[in-house]
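Read in order, the letters of the sequence shown are residues 1 to 279 in UniProt numbering. Please read the structure below before turning to the comments.
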Amino acid sequence: MIPPIASRFVAGTTASGALDHVSECNEAGMGGILNLLGEHYDDPEPAAEDADAYCHLVSELASRGLNGSVSVKPSQIGIDVGPDVFRENFERIVETAAAEDVFVWCDMEDHTTTDTTLDAVEATARDHPHGVGVAIQANLTRTRDDLRRLADVPAAVRLVKGAYDEPSSVALDSKSAVDDAYEDHLEFLFREFDQGVAVGSHDPAMLQVAVDLHKEYGTPFEIQMLMGVREDAQRELAAKGYEVNQYVPYGDKWMQYFYRRIRERKENALFALRAVVGV
Numbered sequence: 001m002i003p004p005i006a007s008r009f010v011a012g013t014t015a016s017g018a019l020d021h022v023s024e025c026n027e028a029g030m031g032g033i034l035n036l037l038g039e040h041y042d043d044p045e046p047a048a049e050d051a052d053a054y055c056h057l058v059s060e061l062a063s064r065g066l067n068g069s070v071s072v073k074p075s076q077i078g079i080d081v082g083p084d085v086f087r088e089n090f091e092r093i094v095e096t097a098a099a100e101d102v103f104v105w106c107d108m109e110d111h112t113t114t115d116t117t118l119d120a121v122e123a124t125a126r127d128h129p130h131g132v133g134v135a136i137q138a139n140l141t142r143t144r145d146d147l148r149r150l151a152d153v154p155a156a157v158r159l160v161k162g163a164y165d166e167p168s169s170v171a172l173d174s175k176s177a178v179d180d181a182y183e184d185h186l187e188f189l190f191r192e193f194d195q196g197v198a199v200g201s202h203d204p205a206m207l208q209v210a211v212d213l214h215k216e217y218g219t220p221f222e223i224q225m226l227m228g229v230r231e232d233a234q235r236e237l238a239a240k241g242y243e244v245n246q247y248v249p250y251g252d253k254w255m256q257y258f259y260r261r262i263r264e265r266k267e268n269a270l271f272a273l274r275a276v277v278g279v
């Protein structure tokens, strides 16, 4: 059983329950981005099992006619085992999803995995144009170069601020600096991208920046927000006609998910607390 405080952020332990939650999102005018909880496997067997689970999940999304996609963590499907294991599992998921017309997002983890993740996403996007997207973290100092690299790749980009506690040698270390970088990177995306821009933020200021940039450049965009966080705002934005997709974690590894997120960065614990009290 998932305790009430966790069930606010996790759509149960089964794929069936998560798919039902996506259906509820659809009824509220939103899409759902399903993420099976699990990460940092150092054995190829569980990585392959979770890849199988994602293949089944995209088939279920298609068969039920749901407005949904999936989002996969590299360490869940083998990046800690080896780059080839990760790439093969990711390609298998994307190929299955392409056959079902389901979009696949690739999450981004700590900075040591960025190059391997981008290599796999770029190669897969060349084979399946506009069928994949990748999360890019604004707090990393390398991000502008990564966005320039992706500008000519047929893949979508989800811009997030970044949840990992990265060393100052590779990341910005103040909230104001990250906010400034996020705005700057958003402007670049709206100006240079036409293959998919996702604003992964709960910050009303950043969402307003995106709306203003859309008015200026006309670039289509979507808003992505976590299950359990500012859900009233999510529904209000969808009702206003914005494309909103809710990130929906599920699975029996919910305890590890919460523990790791809070341990990684103290701001994550504060963020979760604000989400619970609705601020």
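Think of the CB as a built atom: it goes at the ideal place given N, C-alpha and C, for glycine as much as any other residue.
Local conformation of residue i per DSSP, three classes
| i | result |
| --- | --- |
| Phe193 | coil |
| Met206 | helix |
| Arg8 | coil |
| Asn268 | Confidence at Asn268 is low in this model, with a pLDDT of 49, below 50, so the placement of that residue should be treated as unreliable; the coordinate-derived value is given next. Asn268: helix per DSSP, three-state reduction. |
| Ile79 | coil |
| Arg142 | coil |
| Val72 | strand |
| Val211 | helix |
| Val104 | strand |
| Val85 | helix |
| Val199 | strand |
Beta-carbon contacts of residue i that lie in its chain and below 6 Å, excluding the five residues immediately before and after
| i | result |
| --- | --- |
| Gly29 | Ala238 |
| Thr113 | Pro74 and Ile79 |
| Cys25 | Gly32 and Gln246 |
| Arg235 | Ala28 |
| His202 | Met225, Val229 and Arg230 |
Cβ neighbours of residue i in the same chain (closer than 7 Å, five flanking residues each side left out)
| i | result |
| --- | --- |
| Pro83 | Thr116 |
| Asp252 | Thr13 |
| Gly17 | Ala11 and Tyr250 |
| residue 304 | The structure shown does not extend to residue 304, since the chain spans only 1 to 279, so no value can be given for it. |
| Val209 | Glu183 and Leu186 |
| Ala98 | His128 and Gly131 |
Other residues of its chain near residue i: CB distance less than 8 Å, five sequence neighbours each side excluded
| i | result |
| --- | --- |
| His21 | Ala11, Gly12, Gly32, Met227, Val248 and Tyr250 |
| Ala181 | Ala138, Asn139, Thr143 and Leu172 |
| Ala166 | Ala is not the amino acid found at residue 166; the sequence shown has Glu there. Hits under 8 Å: Asp110, His111, Asn139 and Leu140. |
| Glu88 | Gly78 |
| Val81 | Tyr41, Asp42, Asp43, Pro44 and Ala47 |
| Leu207 | Val199, Ser201, Ile223 and Leu237 |
| Ala205 | Asp179 |
| Gly162 | Gln137, Ala138, Asn139, Leu140, Ala171 and Val178 |
Inter-residue CB distance, residue i and residue j (contact presumed, cutoff 8 Å)
| i | j | result |
| --- | --- | --- |
| Ala62 | Glu100 | 4 Å |
| Pro129 | Val85 | In fact, because the Cβ distance is near 25 Å, the residues do not count as touching under 8 Å. |
| Asn35 | Ser7 | That pair is no contact at about 16 Å. |
| Ala198 | Gly133 | 7 Å |
| Arg158 | Gly200 | 5 Å |
| Asp146 | Ile136 | 6 Å |
Residue-chain proximity (residue i, chain E), Cβ-Cβ < 7 Å
| i | result |
| --- | --- |
| Gln234 | This model lacks chain E altogether; it includes just one protein chain. |
CB of residue i within 7 Å of CB of residue j, strictly
| i | j | result |
| --- | --- | --- |
| Glu122 | Gln76 | no |
| Glu243 | Glu222 | yes |
| Leu172 | Val178 | yes |
| Val104 | Ile93 | yes |
| Ala120 | Val153 | no |
| Cys55 | Thr14 | no |
| Trp254 | Leu37 | yes |
| Phe188 | Leu213 | no |
| Leu118 | Glu60 | no |
Can you check the stretch 222 to 259 for any alpha helix (DSSP H) of at least 4 residues that lies completely inside it and give the ranges in chain order? 231 to 239
Tell me the start and end of each unbroken beta strand (DSSP E) in the stretch 1 to 63 that is at least 3 residues and wholly inside, in chain order. 31 to 36
Extract the residue ranges of the alpha helix (DSSP H) inside the stretch 115 to 165, only unbroken runs of 4 or more that lie entirely within it. 143 to 150
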